[in-house]
Every structure is written in structure tokens, then in C-alpha cells.
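Everything below concerns the one structure shown next.
There are 2 protein chains.
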Amino acid sequence: MAMVGRDRVAVMVTADLVILTIRSGTLMVLLVKRDNEPFKGRFALPGGFLRDQETIEKAAARELSEETGVRAESLHLEQVRLYSDPRRDPRRPRVLTCAFLAIAPDLGDPVPGTDAQDALWSPVDAVLAGTHDLAFDHDTILADAVEQARAKLEYSTIATAFCQPQFTIGELREVYEAVWGVDVDRPNFHRKVTGSPGFVVPTGSKRQQPNGRPATLYTPGAAEVLSPPMLRTPRTRARPLSGADA
Amino acid sequence: MAMVGRDRVAVMVTADLVILTIRSGTLMVLLVKRDNEPFKGRFALPGGFLRDQETIEKAAARELSEETGVRAESLHLEQVRLYSDPRRDPRRPRVLTCAFLAIAPDLGDPVPGTDAQDALWSPVDAVLAGTHDLAFDHDTILADAVEQARAKLEYSTIATAFCQPQFTIGELREVYEAVWGVDVDRPNFHRKVTGSPGFVVPTGSKRQQPNGRPATLYTPGAAEVLSPPMLRTPRTRARPLSGADA
DNA sequence: GCAAAAGTGTTTTAGCTACACCCATGT
DNA sequence: ACATGGGTGTAGCTAAAACACTTTTGC
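Just so you know, the sequences run in chain order H and L. Mapping of the first sequence onto this note's numbering: position 224 corresponds to residue 224, and the numbering continues sequentially without gaps. Just remember that this note's numbering sits 1000 ahead of the position in the second sequence, which is counted from 1.
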């Protein structure tokens, strides 16, 4: 069945999703508890099989809206890479997976899909530390996707994808702090963001926080690249590992 | 045959290679003339099918050494992304392809592989302008891979992968000029490269050019990231489209 | 008034641009 | 001598880092 002839092998392909969000200042990833073999009962990234007449992006978008209940068009979705180790999945024919990075604002508690016993947001730091021992090669995929997200904050404007439709500069700064795990200088960040054309556009209205001066509200701008980039290298003192205790 | 059951489809997977090099100051890509259907007689990127018990990286490395005659370990090879449009290949079962970017020093004239009528280095600018109308979605793949290479020169040290084992700073500068298609200020480039720890390491010997003072020879350094990055944005006057006349 | 978060001003420094200049070699 | 490419010096600018300071709200 798996051999089609000559030196070619027929395979199945899945799209697996690393859906990141920020809840109470901590970078979180959506995990599901598997309800089927293999790895039944273990935590894994949400995902599903490629269907006939469908691109892998379409498959990823379908899974994303199933898992989050939100139209995928409104969320940021991009490929990470293809994972093809023959030992990554015991099933035959072989199953390759194309990993996707999805970035979402806080969506509230998830509802388990059809092929999952459970679905929950977990702190990325804790999962990367190995607390769950994810199914398949999903620990590797998660690490790669998180690194891709961290890198993209530097030279792109996707940080706004973690925010609600309207957000304050302070909330955007908390995105960088949660994803990078560092403190960012508040005054310099404010100038950098408001001074980068097309990063954010003010709505004109303000929002009152529990404390302090009301903050100007912004929406995402048209620019996708951030040049010059936001630097994560400088002497920003690292913060304690967040989320392991949340 | 293509349907395995439920909502899953069995597919074939290929690895297609964008092998870039620089010959006489021009960025070139390796193309093969197809000897089989579909697209028989049309130019395409070299590639081949994924085999049993093999990762897609292994398949790409195998094709790369077949096409270039060089051990793939010595060349830079990285994924671009998975291409999965159901119309990209007329064959059934569906054929998805994982594109790879390979960067090589000037290797001389290629020898056609088993499933190609011909193999040749073509100027990237000319191919991107549509002179060949490549098979499948290979025009898109080429454009994506070239953009990935251009971006990587900014924040990584892979430019050395275009050079011979020993090279001069002038040769490395010609890499940037050929890939980006811009003039780079010679004195500033020299300082930037030699002042970036781990980018290049001097061998101690020098090489005499046809003209001028002998140049110090360097080998690639251990660093892979270049921080701060090399900027391609500044007021570098664009050079005329190269290669269309080569 | 005080706490807290938003937002502005200012000094210093890193790193890049632009371009003048010197060096070492072949013809 | 002079052409050619390698390599250094330097003035000026941009933008970031660091941190002091002012503004606007709730209590």
C-alpha cells in the first residue's frame, strides 16, 4: 500500500498548528488531549489530515477555526516547515506534517474538537521545559515555531496579531515582554512603535485602565515589516521564568 | 488509489531544489530540461521523489549531490516551504513538493542527471523575468527562494557559502552585490565583515589578483547569525539588471 | 496628596554613511 | 609613472539606551 512503485512512497500529510496567544501576561499554546491512537491520552498540538483538492494552508485554516471557533482569515497563519522523520509517527502509510504558526488574541477557554478529549491553553515555557512530553515530534515543532515567532517580532509588525482589534501601546509592549521573556523599556518602546510608520494607527479614543492616565487606543497599521527592526539583544535584564507557576 | 478513506488523501512528495551560485558576478540558478511527462522538454528546478525510510532533507541532499556532483554536507541546504496547490502538478496521486534553498560556490558546468535532457546555470534575474516559463509552480518557488536568500544575507553569515573554501573580502562583497543587485561601499563592507566576530577568520596567507595589492584570504567563521545585521536598505544606488545579457 | 500607568525630554553612545586617503602589486 | 584593487581614517548623522521628568487618572 505504501509503495507506489519505483523509488517513490505514498504518504499522508497533516497540518499541525502551534496556536499562540497571551493570557495574563504569559505566552500560551493550545494543546489537545488525543482521543485516538497513536498517543491516545497524550497531549499534542491540534491538527488534521490534508483532504482531497485542498491546499495545506486550507487544511490548517480549517483546523484553526475548528479549534478556536474563529474564522482563520482574521488570525495570522504561516508555515513553519515540513517534518518528515520516518520515525515521527508509527502509522503506515507514513505521516508527514507541515507545521503552522498561528497567532491569536486572547480567545477565552477552548472547546474540545471531535477527536480530542480535552483542549487547554498551556504556558509555553512550561511545555518547552517538558512538563507534558507531547505526542509525536510536537515538542520539537513547538520549539521551532516559538523561535520563529520570537524572531518575527523583531523585524515585522505581527505583534499586533496577539492583540484585540483595539489595543494600547502598553498592551503591545506586554506582548513583546511575554513572547521574549524580557523587560522592555517603556518610554523607548512607546517612541519606537509610534515612530515606525504603519505599525499602529491611533483611533482617536482612549481607554481608562483600573489605574493611571487613560491610554490612547490603536489599531494595526498597514506595514508588515519593521525597519529598522526592534532589537531584543540589548541589556534587557531577563525576567524569571514565567508561567511555570501560573 | 488516491483516497485512503475518511477525509484523508494519499499523496506523493518531491523535494525541489533552488541551487544558487555566482558565476562571473551574476546570481545563477541550476535548471534542468525535463525528459519525462509532465512538462517534458520544459525547464524546471531539479528535484526528485521522497523514498521510503528517508527524510525530505535526505531526499534533497541526494538530489543535490546528484545534480552538482558535490557532497551535500559541504553545501548550505535549508527548507523554503511546502507547495500544495492541487493544480500545481497534473499527476495522480497528487504531488506536493517541499522546496529547498541550496547555496553553492561556483562548481563549473553541470552534468545532466538521469531524468534530464540538459542541465545549465541560468541568470536568476532573467528566469524571474519569465524567459523560460518554468514547469509546475517553479517560477513561484524560485522567487520565494531567492527572496529567502536575499533576506538571509542580511542577518546571517551564509554569504560565505557562495565562496570557495578560501576567499577574499572583495569576493564576499561581490556575493552581496550579485545577490542584492546593488553596489556596496567597499571600505565600510570591509570593516563590517572583519569587525563582526565569527563571520570570517583570516588564514594568514594572501592571494595575488591580476591587479592591485594582494588580498588577505579568509575562511568562514563559526558564527551563523550576524548581529547587528548587514543593511540592504541604505542609499545604495541600484545597479542595472544584470545577467539578462550574460 | 499618593499611587499608578501614560507619555515626553535629554544625554550619551553604538554603529553606519560618505568619502578622503594610503598601501602593495603588475605593467 | 600609473592603473587597480586592498585596506585605514575620519567627520557627521541616525537611532537606540538609559533614565529623569511631566501628565492624567482613581482613590
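The beta-carbon is built from N, C-alpha and C at its ideal position, and this holds for glycine as well. Predicted model, so just to flag it, every value in this text is computed and none were measured.
Confirm, please, whether the CB-CB distance from residue j to residue i is below 7 Å.
| i | j | result |
| --- | --- | --- |
| Leu30/H | Trp121/H | yes |
| Leu1064/L | Glu1078/L | no |
| Val15/H | Ala60/H | The sequence given here has Ala at residue 15/H, not Val. Against a cut-off of 7 Å, the Cβ pair of Ala60/H and Ala15/H comes out as a contact. |
| Ile56/H | Leu1082/L | yes |
| Val11/H | Val1013/L | yes |
| Arg1051/L | Asp7/H | yes |
| Val1193/L | Ile1169/L | yes |
| Gly1047/L | Leu1017/L | yes |
Can you name, in chain order, every residue of its own chain whose Cβ lies under 6 Å from the Cβ of residue i, other than the five neighbours on each side?
| i | result |
| --- | --- |
| Pro1112/L | Asp1118 and Ala1119 |
| Lys1152/L | Ile1158 |
| Thr1097/L | Thr1014, Asp1016 and Tyr1083 |
| Leu1134/L | Phe1043 and Ala1044 |
| Gln208/H | Pro214 |
| Ala222/H | Gly198 |
Of all the options the options, which has the alpha carbon lying nearest to the alpha carbon of residue i?
| i | options | result |
| --- | --- | --- |
| Leu45/H | Lys33/H, Ile56/H, Ser205/H and Pro38/H | Lys33/H |
| Leu1231/L | His1138/L, Thr1216/L and Asp1185/L | Asp1185/L |
| Thr1068/L | Leu1153/L, Gly1041/L and Asp1109/L | Asp1109/L |
| Thr26/H | Pro228/H, Gly195/H and Val182/H | Val182/H |
| Ala1161/L | Ala1072/L, Ser1024/L, Arg1062/L and Leu1050/L | Ala1072/L |
| Thr1219/L | Pro1210/L, Gln1209/L, Val1201/L and Gln1208/L | Val1201/L |
| Leu1107/L | Gln1166/L, Ile1141/L, Val1070/L and Thr1097/L | Val1070/L |
| Ser24/H | Ala222/H, Glu177/H, Asp144/H and Ile141/H | Glu177/H |
Quick one: what's got a C-beta closer than 7 Å to residue i's C-beta in the same chain, skipping five residues either side?
| i | result |
| --- | --- |
| Cys1163/L | Pro1105, Glu1171, Leu1172 and Val1175 |
| Glu1224/L | Ser1156 and Thr1157 |
| Glu54/H | none |
| Arg1091/L | Pro1038 |
| Asp115/H | Asp35 and Asn36 |
| His76/H | Ala102, Ile103, Ile158 and Ala161 |
| Leu226/H | Tyr155, Ser156, Thr157, Ser196 and Phe199 |
| Arg150/H | Val179 and Trp180 |
| Pro229/H | Glu154 and Tyr155 |
| Thr1236/L | Reliability of the predicted coordinates at Thr1236/L is poor, the pLDDT of 36 falling under 50, and no value is obtained from them. |
| Ser74/H | none |
| Glu1276/L | As displayed, chain L neither begins before 1001 nor continues past 1246, which places residue 1276/L out of reach and without an answer. |
Here's a check: name, in chain order, each residue in its chain whose Cβ is nearer than 8 Å to the Cβ of residue i, leaving out the five neighbours to either side.
| i | result |
| --- | --- |
| Lys1206/L | Pro1214, Ala1215, Thr1216 and Leu1217 |
| Pro86/H | Arg94 |
| Met28/H | Leu20, Thr21, Ile22, Trp121, Ser122, Pro123, Val124 and Gly243 |
| Gly1130/L | Asp1139 |
| Ile141/H | Asp16, Val18, Leu45, Val80, Tyr83, Thr97 and Ala99 |
| Ala1143/L | Leu1128 |
Shorter than 6 Å, the distance from the beta carbon of residue i to the closest heavy atom of the ligand ZN, or not?
| i | result |
| --- | --- |
| Leu1172/L | What this structure holds is no ligand at all, so the ligand ZN is not there to describe. |
For my contact list, residue i and residue j are in at a C-beta cut-off of 8 Å; report their separation, rounded to the angstrom.
| i | j | result |
| --- | --- | --- |
| Asp137/H | Arg88/H | 5 Å |
| His1250/L | Phe1043/L | The structure shown does not extend to residue 1250/L, since chain L spans only 1001 to 1246, so no value can be given for it. |
| Thr203/H | Gln166/H | 6 Å |
*Check distances from the C-beta atoms of the region 74-90 of chain H to those of chain L and list, in chain order, the residues that come in under 7 Å.*
Those residues of the region 74-90 of chain H that come within reach of chain L (Cβ to Cβ, closer than 7 Å) are Gln79, Arg81, Leu82, Ser84, Asp85 and Pro86.
*Report the residues of the region 40-62 of chain H with a CB closer than 9 Å to any CB of chain L, ordered along the chain.*
For the region 40-62 of chain H, residues whose beta-carbon sits nearer than 9 Å to a beta-carbon of chain L comprise Gly48, Phe49, Leu50, Arg51, Asp52, Gln53, Glu54, Thr55, Ile56, Glu57, Lys58 and Ala59.
*Could you name the residues of the region 1012-1030 of chain L whose beta carbon sits closer than 7 Å to any beta carbon of chain H, in the order they occur along the chain?*
Residues Met1012 and Val1013.
*asked:* Short of 7 Å Cβ to Cβ, which residues in the region 94-123 of chain H face chain L?
replied: When CB distances to chain L are screened at a threshold of 7 Å, the residues of the region 94-123 of chain H falling below it are Leu96 and Cys98, in chain order.
*Relative to chain L, which residues along the region 132-160 of chain H have a C-beta separation below 7 Å, given in chain order?*
Under the 7 Å Cβ criterion, the region 132-160 of chain H contributes no residue.
*Short-range partners of chain H found in the region 1211-1229 of chain L, where Cβ spacing is below 7 Å*: Along the region 1211-1229 of chain L, going in chain order, the ones with a CB nearer than 7 Å to a CB of chain H are Ser1227.
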